[in-house]
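Asker: Next up is a structure, given as structure tokens.
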Amino acid sequence: MATPVKVYGPAMSTAVSRVLACLLEKNVDFQLVPVNLSKGEQKKPDFRKIQPFSQVPAFEDEGICLFESRAICRYICEKYTDKGNKGLYGTNPVARASIDQWLEAEGQSFNPPSSVLVFQLAFAPRMKIKQDQVVIKQNEEKLSKVLGIYEKRLGETRFLAGDEFSLADLSHLPNTQYLVTTSGRGELFTSRKNVGRWWNEISSRDSWKKVVDMQNKGA
Amino acid sequence: MIIRVVTSNKVYNLRPSPSFVESESKSPFTIMAAIKVHGSPFSTATARVLATLYEKEVEFEFVPVDMRAGDHKNESFLSFNPFGQVPGFEHGDLKLFESRAITKYVANEYAEKGTELVFGDSKKKAIIGVWMEVEAHQFDPVATKLTWELAAKPAFSMGATDKAVVEENEAKLAKLLDVYECRLAESKYLGCESFTLVDLHHLPGIHYLMGTEIKKLFDSRPHVSAWIADITSRPAWSKVLAMQKQK
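Read top to bottom, the protein sequences are chains A and B.
Counting from 1, position 38 in the first sequence corresponds to residue 38 in UniProt numbering; the numbering is continuous, with no gaps.
Counting from 1, position 80 in the second sequence corresponds to residue 80 in UniProt numbering; the numbering is continuous, with no gaps.
Spelled out as structure tokens, the structure:
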């Protein structure tokens, strides 16, 4: 029987994997529909109807079409409140505000430099694109500053938004996975005591292990 | 008479409600938890929060942060925002940073007051959520770079405008505005048929860009242009601009 929830895009895409992690945390069944980025399938008119920016993921649930991975994650948490991890997006307004705060910090401060590094260090080599060492150095410095702030925060709380795992931590999984395992720059995280502890904890969650498994199988 | 009550996550300043004598209200006190915004009205992120508070008709205290003096990097401000960025926000005991987290909090906390900025309907809310991310991740980075090159650098004598950066980001913005043009042909506002946080979040960035050569990108797209004329004429936005003029 076809499930109503569809995610369009490859699991190896950081933004797609963010959505997959959320669905798995919430125990929501879904169907992953492949989109071949190297063949430009995301630029076709049919795909642009559900994602006008030609990016992955796109998402469908009971006739609602969505895009932007963090918006999709928030929707999943709000629609399926009572499924899976009930506290993923907070159970009261103050908890939710703190999660939103760190989700924004991820999107605005962590994501830009880490995305550039993921591209330069993990994807460019396999796409046979020349790496830009100046850009790598600049973004390592930016990311380092952000992780310095995280190190202090994670000395005060177990996870970013508080003492429970939340959407804010989940949102960091995709980029960090590549940086720690593929890029050769893992020590940015592992050399910091609190950040290292936090990474071990969030990346060993069953939901994330399943996503990594999907990525390794080329889903 | 004011009684100060401190709980685990809020500080309340209580004073007797003027209507107590006439009403049968069980509580003689009106609860007011103090809201404070720390920042600069010229900062797009601070302006986003101020606009929301004005739309929601919520009282607040504005605490100016002297960014030229680097006050946003000093120890006391870092307790509001460890990233050393404005704004910082307080609601009683609660402290928040990141303007888009603050605006959401205010819009939800005061859902019954002022302009309705968030909607309960899950489909509507989801689509509004999508366009909020578009503003945050597609519009804002490009708008920030263009404003820096075309407005801030000349105004503060911080070096020559980098034409390559302008060209690259102008092209990105043009593509983005083409998507907006299509969207606004089918929906009066970006998120839905009513003004919401999505549109509000764009105001500070649009305001600066409209004062540069980038204005032509907006003017040449009829639906985008009409949308801008509409949202920039809102009284709440005018109050934010008035704060800028005070400095």
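Beta carbons are placed, not taken as given, at the ideal position from N, Cα and C, and that holds for glycine.
Grab the span of the alpha helix (DSSP H) containing A/ASP100 for me, first residue to last.
Answerer: As a first step, residue 100 of chain A must be located in the first sequence, where it is residue number 100. Taken as a continuous stretch (DSSP letters only), the alpha helix (DSSP H) holding A/ASP100 covers 93 to 105.
Asker: Is the beta carbon of A/LYS79 sitting closer than 9 Å to the one on B/SER122?
Answerer: As a first step, residue 79 of chain A must be located in the first sequence, where it is residue number 79. As a first step, residue 122 of chain B must be located in the second sequence, where it is residue number 122. Yes, the pair counts as a contact, with Cβ atoms nearer than the cut-off.
Asker: Can you tell me the Cα-Cα spacing of B/TYR110 and B/SER194, whole angstroms?
Answerer: By 1-based counting over the second sequence, the position of residue 110 of chain B is 110. By 1-based counting over the second sequence, the position of residue 194 of chain B is 194. So the alpha carbons of these two residues sit roughly 18 Å apart.
Asker: Counting only Cβ pairs nearer than 7 Å, list the residues of chain A close to B/SER76.
Answerer: What you label residue 76 of chain B is simply residue 76 of the second sequence in a count that begins at 1. Simply none; closest approach about 16 Å.
Asker: Going along the chain, which residues of its own chain have a beta-carbon closer than 7 Å to the beta-carbon of A/VAL17, five neighbours each way excluded?
Answerer: Counting from one through the first sequence, the residue named residue 17 of chain A turns up at place 17. First, the residue type needs correcting, since residue 17 of chain A is Ser and not Val in the sequence shown. Taken in chain order, the residues that qualify are ALA11, PRO174, VAL211 and GLN215.
Asker: Beta-carbon of A/ILE23 versus every beta-carbon of chain B: anything under 9 Å?
Answerer: As a working mapping, residue 23 of chain A is identified with position 23 in the first sequence. The question names Ile, but residue 23 of chain A is Leu in the sequence shown. Not an interface residue.
Asker: Indicate whether A/VAL146 and B/PHE83 have their beta-carbon atoms separated by less than 9 Å.
Answerer: Walking along the first sequence from the start, residue 146 of chain A turns up at place 146. Walking along the second sequence from the start, residue 83 of chain B turns up at place 83. Their beta carbons are under 9 Å apart, which means A/VAL146 touches B/PHE83 by this criterion.
Asker: Given A/SER207, which residues of its chain have a CB within under 6 Å of its CB, disregarding the five upstream and five downstream residues?
Answerer: As a working note, residue 207 of chain A is residue 207 in the first sequence. Around A/SER207: ALA21, LEU24 and GLU25.
Asker: Under a CB-based cut-off of 9 Å, is B/LEU96 close to chain A?
Answerer: As a working mapping, residue 96 of chain B is identified with position 96 in the second sequence. It does: the Cβ of B/LEU96 has a partner Cβ on chain A nearer than 9 Å.
Asker: For A/ALA97, verify whether its CB is less than 8 Å away from any heavy atom of the ligand NAP.
Answerer: Absence of the ligand NAP is noted for the structure shown, with no ligands found whatsoever.
Asker: Note down, in chain order, every chain B residue with its Cβ under 7 Å from the Cβ of A/GLU75.
Answerer: By 1-based counting over the first sequence, the position of residue 75 of chain A is 75. Glu is not the amino acid found at residue 75 of chain A; the sequence shown has Tyr there. The contacting residues are ALA126 and GLY129.
Asker: With 7 Å as the limit, tell me which residues of the UniProt domain "GST N-terminal" (33 to 114) of chain B have their beta carbon closer than that to any beta carbon of chain A; keep them in chain order.
Answerer: Residues passing the 7 Å Cβ filter: PRO82, PHE83, LEU94, LEU96, PHE97, GLU98, ARG100, ALA101, LYS104, TYR105, ASN108 and GLU109.
Asker: Looking only at C-alpha atoms, which of B/ALA152, B/LYS56 and B/LEU173 sits nearest to B/VAL118?
Answerer: Working through the second sequence from its first residue, we reach residue 118 of chain B at position 118. Minimum Cα distance to B/VAL118 is reached at B/LYS56.
Asker: Looking at the C-beta of B/ALA136, does it have a partner C-beta in chain A at a distance below 9 Å?
Answerer: For the purposes of this step, residue 136 of chain B is taken as residue 136 along the second sequence, with counting starting at 1. Chain A contact via Cβ: present.
Asker: For B/LYS123, go through chain A and note every residue whose CB falls closer than 8 Å to its CB, in chain order.
Answerer: In the second sequence, counting from the first residue as 1, residue 123 of chain B sits at position 123. The answer, in chain order, is ILE64.
Asker: At the 9 Å Cβ level, is B/PRO141 part of the contact set with chain A, yes or no?
Answerer: Mapped onto the second sequence, residue 141 of chain B falls at position 141. True, the Cβ-Cβ gap to chain A drops below 9 Å.
Asker: Could you pull out every residue in the same chain whose Cβ sits closer than 8 Å to the Cβ of B/ILE214, ignoring the five residues on either side in sequence?
Answerer: Against the second sequence, residue 214 of chain B aligns to sequence position 214. If we look at B/ILE214 and ignore the five residues flanking it on each side, its Cβ neighbours are LEU146, LEU150, GLU170 and LEU173.
Asker: With respect to the beta strand (DSSP E) encompassing B/CYS182, which residues constitute its N-terminal and C-terminal limits?
Answerer: By 1-based counting over the second sequence, the position of residue 182 of chain B is 182. No beta strand (DSSP E) contains B/CYS182, which is instead part of the alpha helix (DSSP H) from 163 to 186.
Asker: Taking B/GLU168 as the reference, give the member of B/GLY70, B/VAL142, B/ILE102 and B/ALA160 with the closest Cα.
Answerer: Position 168 of the second sequence, counted from the first residue, corresponds to residue 168 of chain B. Measuring from the Cα of B/GLU168, the nearest candidate turns out to be B/VAL142.
Asker: On a Cα-Cα basis, can you pick out the residue from A/SER166, A/LYS128, A/VAL134 and A/ILE202 that is closest to A/SER38?
Answerer: Start at 1 with the first residue of the first sequence, and residue 38 of chain A comes out as number 38. Of the listed residues, the one whose Cα sits closest to A/SER38 is A/LYS128.
Asker: Alpha carbon to alpha carbon, what distance is there between A/ILE136 and residue 221 of chain A?
Answerer: Here chain A has residues from 1 to 219 only, and residue 221 of chain A is not among them.
Asker: Whose CA, out of B/VAL179, B/TRP148 and B/ALA155, lies closest to the CA of B/VAL165?
Answerer: For the purposes of this step, residue 165 of chain B is taken as residue 165 along the second sequence, with counting starting at 1. Taking only the C-alpha atoms, the option nearest B/VAL165 is B/TRP148.
Asker: May I have the straight-line CA-CA distance separating B/LYS124 from A/VAL19, to the nearest angstrom?
Answerer: Taking the first residue of the second sequence as position 1, residue 124 of chain B is located at position 124. Taking the first residue of the first sequence as position 1, residue 19 of chain A is located at position 19. C-alpha separation (whole angstroms): 20 Å.
Asker: Quick one: is A/ASP46 near chain B, going by C-beta distance under 9 Å?
Answerer: Mapped onto the first sequence, residue 46 of chain A falls at position 46. No, A/ASP46 lies away from the interface with chain B (no Cβ there is under 9 Å from its Cβ).
Asker: Please compile the residues from chain A whose C-beta is within a distance smaller than 9 Å of the C-beta of B/GLU181.
Answerer: Within the second sequence, the letter at position 181 stands for residue 181 of chain B. Near B/GLU181 there are no residues of chain A at all, since even the closest Cβ is about 11 Å away, more than 9 Å.
Asker: Hey, quick one: how far does the beta strand (DSSP E) through A/PHE53 stretch, first residue to last?
Answerer: The residue given as residue 53 of chain A occupies position 53 in the first sequence. Run containing A/PHE53: none; DSSP gives neither H nor E here.
Asker: For B/SER187, I'd like the list of residues in its chain whose CB is within less than 7 Å of its CB, leaving aside the five on either flank, ordered along the chain.
Answerer: Counting from one through the second sequence, the residue named residue 187 of chain B turns up at place 187. So the list reads GLU193, once near-sequence residues are dropped.
Asker: If you draw a straight line from the C-alpha of A/VAL33 to the C-alpha of A/GLU104, how long is it?
Answerer: Within the first sequence, numbered from 1, the residue matching residue 33 of chain A stands at position 33. Within the first sequence, numbered from 1, the residue matching residue 104 of chain A stands at position 104. So the alpha carbons of these two residues sit roughly 28 Å apart.
Asker: Grouping DSSP H, G and I as helix and E and B as strand, with all else coil, what is B/ASP230?
Answerer: The sequence position of residue 230 of chain B within the second sequence is 230, counting from 1. B/ASP230: helix per DSSP, three-state reduction.
Asker: Looking at C-alpha atoms only, which residue of B/THR44, B/SER43 and B/GLY88 is the closest neighbour of B/GLU61?
Answerer: Counting from 1 along the second sequence, the entry for residue 61 of chain B is found at position 61. B/GLU61 has its Cα closest to that of B/GLY88, out of B/THR44, B/SER43 and B/GLY88.
Asker: Using a Cβ cut-off of 7 Å, pull out every chain A residue sitting near B/GLU133, in sequence order please.
Answerer: Taking the first residue of the second sequence as position 1, residue 133 of chain B is located at position 133. Within 7 Å Cβ-Cβ: GLU68, ARG70 and ALA71.
Asker: Taking a cut of 7 Å between CB atoms, which residues from the stretch 143 to 159 of chain A lie near chain B?
Answerer: Result list: ILE149, LYS152 and ARG153.
Asker: Please list, in chain order, all residues of the same chain as A/LEU188 whose beta carbon is under 8 Å from its beta carbon, the five residues on each side excluded.
Answerer: The count along the first sequence starts at 1 and reaches residue 188 of chain A at position 188. Same-chain partners within the cutoff: GLU140, LEU143, SER144, LEU147 and LEU179.
Asker: Provide the residue(s) that pair with A/ALA21 in DSSP beta bridges, ordered along the chain.
Answerer: One-based indexing of the first sequence puts residue 21 of chain A at position 21. Per DSSP, none; premise fails for A/ALA21.
Asker: Quick check on the burial criterion: 16 or more other C-beta atoms within 10 angstroms. Buried or exposed for A/ARG96?
Answerer: Residue 96 of chain A sits at position 96 when you count from the first residue of the first sequence. That one is buried.
Asker: B/PHE156: buried (16+ other C-beta within 10 angstroms of its C-beta) or exposed?
Answerer: To locate residue 156 of chain B, count along the second sequence from 1; it is residue 156. So B/PHE156 counts as exposed.
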